[in-house]
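Novice: Sharing a structure below in structure tokens format, with a few things to ask.
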Amino acid sequence: MENKTETKKVSLFKMVSFTVCGIVVLDTFVAPAALGASSITIWLLTALLFFIPYGLINAELGAAYPEDGGIYAWVKRAYGDFQASLVSWFYWVNVAFWMPAVFIAFSTWFSMAFAPDMNIWVSAMLAIAMCWVIVFIGIRGVDLSITVTNIAAVLKVAVLLVFGLLGVVYGVKNGFANDFSLSSFALSFNFDTIAFSSAIVYNLLGFELISSIASEIEDPGKNIPKMTVLAGILIAALYVIGTFGVLAAIPAESIDPLDGFFYALKELCTVFGGAQDIVFKAIILVGLFTLVSNMISWTLGGVEVLDEAEFTKKTKLLGHRHPKYDTPDYSYILMGVISTILIAMNFVLSGSANDAFWTILSFSFLVFFLPYLWLFPTVVKLRNTDVDTPRPYKIPLGKFGLYFSSIIGFLFIAGGIILLFVTGEGWDPLYHLTLIIGTGITTIFGIGLYRKSLK
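Going by the working numbering, the final residue of the sequence shown carries number 826, and the count climbs one at a time with no gaps.
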């Protein structure tokens, strides 16, 4: 980025905190628990086969190329500015379309915990207001975003550790809601197992976020690989602990994929007897704060990645910078506008029209996966073509480790994209055409912005 304001270097602790804050999400990790104890096995296998190779790739690229823009800078070196610009565009669009879902969950949890009779319009305004809080924090710059995510990461770790501990106490006191015998951890290799492994991959993405501000990282050559190891272990452990907590309290067949964390926590807090309501509300408040912090991480990453793309610097809207904070303020504001429109759609429309809103968000999941189709081949391309760049860290096991990590990561992402089209209910014109046409329009619009910048 140009003319950055002076900021303190981001330490290893802050890097780990930022990454944990960005990857660990309380509102979407619950769905795989519907498979029972075997979901813990799926988490562990997916961490082994996908999360570790994915982390190693980010460690090598981040250490070798500590440039602002992260994934954009890497893809640009490998495949040129055009393809890298598309990657940065997809990255930004995903965040803009995903933010409404996070704050609708925020508004829903707040309402259920503190104001069950809240007017629907108040709920809508709360969700919209939170989007603009994110915009404000983003415009203020990296320092504020990093500070908030540091606090949130500590709180997330605390919440999920307490969640797991309560699961043990609940099980001892009331009996576990699910079978935890050794045989219950065995996998059934069916469509549900594959589908939920894809959902787990979705919950594990985000290692590259910190590299979007690489110039502000303290000793990136050493600290990015260290961060990958520390954050990776912590994230995998937290997700397994969280899944155990859910399964301790809620029968697998009764788990709500959207609000499962909320209901599981409410049930777990019954171990506190008369104090359960106070404890539950206190933890939910912390949980709500972590939802906000998630969006701070991703909006910072999405905007910084797009901001490094050459075509945005020649676009009046996306290239505009705040006169005081020197941040791409219009890029944040445009995110806020898109999120506001989508939230309004959700609360204004009903029935099948409301389904359209959630279909649009499914489209955002597809767009979210797309940049990673470039990430995994990029590490191979750069290792083979850019042999002169020093690599403080390399994926272990030589060429085998390199190709294995790249291929298996790519296959997981490609599989996740394919599974978005497999609903189990056949062809749904609203759903499938939105995914196809929405992705097409997004791609064409991104290409149009890029070509316009060349004139």
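Backbone N, C-alpha and C define an ideal beta-carbon position, used for all residues, glycine too.
With 16 other CB atoms within 10 Å as the buried threshold, where does L825 fall?
Specialist: Here residue 825 corresponds to residue number 454 of the sequence shown, with the count starting at 1. Label assigned to L825: exposed.
Novice: Report the rounded CA-to-CA distance for E438 versus E679, giving the unit in angstroms.
Specialist: Working through the sequence shown from its first residue, we reach residue 438 at position 67. Working through the sequence shown from its first residue, we reach residue 679 at position 308. Looking at the two C-alpha atoms, the distance is approximately 10 Å.
Novice: So what does I588 bridge to, in DSSP terms?
Specialist: Counting from one through the sequence shown, the residue named residue 588 turns up at place 217. Answer is V381.
Novice: Note down the Cα distance separating N490 from V466, rounded to an integer number of angstroms.
Specialist: Here residue 490 is taken as the residue at index 119 of the sequence shown, counted from 1. Here residue 466 is taken as the residue at index 95 of the sequence shown, counted from 1. Taking the straight line from one Cα to the other gives about 27 Å.
Novice: Are three or more beta carbon pairs between the segment 688-696 and the segment 448-456 nearer than 8 Å?
Specialist: Not touching, per the Cβ criterion.
Novice: Which one of T756, I779, F736, V506 has the shortest CA to CA distance from Y802?
Specialist: Position 431 of the sequence shown holds residue 802. If we check each option's Cα against that of Y802, F736 comes out closest.
Novice: Inspect the beta-carbon positions of S433 and S668 and report whether they are closer than 8 Å.
Specialist: If you number the sequence shown from 1, residue 433 lands on position 62. If you number the sequence shown from 1, residue 668 lands on position 297. It is worth fixing the name first, because residue 433 is Gly in this sequence and not Ser. The answer is no: Cβ separation not under 8 Å.
Novice: Quick one: Cα of A449 to Cα of L618, how far?
Specialist: Here residue 449 refers to the residue found at position 78 when the sequence shown is read from its first residue. Here residue 618 refers to the residue found at position 247 when the sequence shown is read from its first residue. Cα to Cα, the separation comes out at about 44 Å.
Novice: May I ask you to report which of helix, strand or coil DSSP gives N717?
Specialist: Taking the sequence shown and counting its residues from 1, the one referred to as residue 717 is at position 346. Helix, per DSSP.
Novice: Taking N665 and V396 to be in contact with their CB atoms under 8 Å, please state how far apart those CB atoms are, rounded to whole angstroms.
Specialist: As a working mapping, residue 665 is identified with position 294 in the sequence shown. As a working mapping, residue 396 is identified with position 25 in the sequence shown. 6 Å between Cβ atoms; contact.
Novice: Between G577 and G542, what straight-line distance do the alpha-carbon atoms span, to the nearest angstrom?
Specialist: In the sequence shown, residue 577 corresponds to position 206, counting from 1. In the sequence shown, residue 542 corresponds to position 171, counting from 1. Taking the straight line from one Cα to the other gives about 33 Å.
Novice: Candidates L609, A602, T730, M706: which alpha carbon is nearest I808's?
Specialist: In the sequence shown, counting from the first residue as 1, residue 808 sits at position 437. If we check each option's Cα against that of I808, T730 comes out closest.
Novice: With burial defined as no fewer than 16 other Cβ atoms inside 10 Å of the residue's Cβ, what is the status of T813: buried or exposed?
Specialist: In the sequence shown, counting from the first residue as 1, residue 813 sits at position 442. Buried, by the Cβ-count rule.
Novice: Spatial neighbours of Y634 within its chain, please: CB distance less than 7 Å, with the 5 preceding and 5 following residues excluded, ordered by chain position.
Specialist: Within the sequence shown, numbered from 1, the residue matching residue 634 stands at position 263. Only I621, D627 meet the Cβ criterion.
Novice: Grab me the residues of V519's own chain with a C-beta within less than 7 Å of its C-beta, minus the 5 sequence neighbours each way, in chain order.
Specialist: Mapped onto the sequence shown, residue 519 falls at position 148. Contacts found: I508, S664, I667.
Novice: How would you call W480, buried or exposed, if buried means at least 16 neighbouring beta carbons within 10 angstroms?
Specialist: Residue mapping note: residue 480 aligns to position 109 of the sequence shown, counting from 1. So W480 ends up on the buried side.
Novice: Can you give the beta carbon distance from S777 to P748, rounded, assuming they're within the 8 Å contact cut?
Specialist: Counted from its first residue, the sequence shown places residue 777 at position 406. Counted from its first residue, the sequence shown places residue 748 at position 377. Their Cβ separation, rounded to whole angstroms, is 6 Å, which keeps S777 and P748 in contact under 8 Å.
Novice: Start and end of the alpha helix (DSSP H) containing G673?
Specialist: Counting from one through the sequence shown, the residue named residue 673 turns up at place 302. Taken as a continuous stretch (DSSP letters only), the alpha helix (DSSP H) holding G673 covers 647-679.
Novice: Report the three-state DSSP secondary structure of P800 (helix, strand or coil).
Specialist: As a position in the sequence shown, residue 800 is number 429, starting the count at 1. Helix.
Novice: Check this for me: beta carbons of V387 and A529, under 8 Å apart or not?
Specialist: As a first step, residue 387 must be located in the sequence shown, where it is residue number 16. As a first step, residue 529 must be located in the sequence shown, where it is residue number 158. The answer is no: Cβ separation not under 8 Å.
Novice: Buried or exposed: which applies to S723, given that a residue is buried once 16 or more other Cβ atoms fall within 10 Å of its Cβ?
Specialist: Stepping through the sequence shown from its first residue, residue 723 is reached at position 352. Bear in mind that a pLDDT of 47 at S723, under 50, signals an unreliable position, so the model cannot answer this.
Novice: Specify whether the segment 419-434 and the segment 587-595 touch according to this definition: at least 3 beta carbon pairs, one from each stretch, less than 8 Å apart.
Specialist: Flag = yes, the segment 419-434 and the segment 587-595 touch.
Novice: Have a look at T417 and T805 and give me their C-alpha separation to the nearest angstrom.
Specialist: Within the sequence shown, the letter at position 46 stands for residue 417. Within the sequence shown, the letter at position 434 stands for residue 805. Between T417 and T805, the C-alpha separation is close to 29 Å.
Novice: Using alpha carbons as the reference points, say which of G780, I442, V751 lies closest to L580.
Specialist: The residue you call residue 580 lines up with position 209 of the sequence shown. For L580, the nearest C-alpha among the options comes from I442.
Novice: How big is the Cα-Cα spacing for G631 and K684?
Specialist: Translated into positions along the sequence shown, residue 631 becomes position 260. Translated into positions along the sequence shown, residue 684 becomes position 313. Spanning the two alpha carbons is a distance of roughly 42 Å.
Novice: Looking at V738: is its Cβ nearer than 8 Å to the Cβ of F468?
Specialist: Taking the sequence shown and counting its residues from 1, one reaches residue 738 at position 367. Taking the sequence shown and counting its residues from 1, one reaches residue 468 at position 97. For V738 and F468, yes; Cβs fall inside 8 Å.
Novice: Measure from the alpha carbon of C502 to the alpha carbon of each residue in I712, F551, I815, then state which is nearest.
Specialist: The residue given as residue 502 occupies position 131 in the sequence shown. C502 has its Cα closest to that of I712, out of I712, F551, I815.
Novice: Measuring CA to CA, which of L688, S733, N755, L753 is closest to V793?
Specialist: Here the question's residue 793 lines up with position 422 in the sequence shown. The shortest C-alpha separation from V793 is found at S733.
Novice: Under the rule that 16 or more other beta-carbon atoms within 10 Å means buried, what is T390, buried or exposed?
Specialist: For the purposes of this step, residue 390 is identified with residue 19 of the sequence shown, where counting begins at 1. The residue is buried, with at least 16 neighbouring Cβ atoms inside 10 Å.
Novice: When the Cα atoms are used, what is the spatial distance from T686 to A404?
Specialist: As a position in the sequence shown, residue 686 is number 315, starting the count at 1. As a position in the sequence shown, residue 404 is number 33, starting the count at 1. So the two alpha carbons sit approximately 45 Å from each other.
Novice: Among K770, G407, I584, which one has its Cα closest to the Cα of D550?
Specialist: As a first step, residue 550 must be located in the sequence shown, where it is residue number 179. Here the closest residue by C-alpha is G407.
Novice: Given this structure, state the Cα-to-Cα distance separating I595 from Y764, to the nearest angstrom.
Specialist: Position 224 of the sequence shown, counting from 1, holds the residue named residue 595. Position 393 of the sequence shown, counting from 1, holds the residue named residue 764. Cα to Cα, I595 sits roughly 9 Å from Y764.
Novice: Starting from the Cα of A498, find the closest Cα among G797, G786, V642, L662 and give me that residue.
Specialist: On the sequence shown, position 127 is the one that residue 498 refers to. Ranking G797, G786, V642, L662 by Cα distance to A498 puts L662 first.
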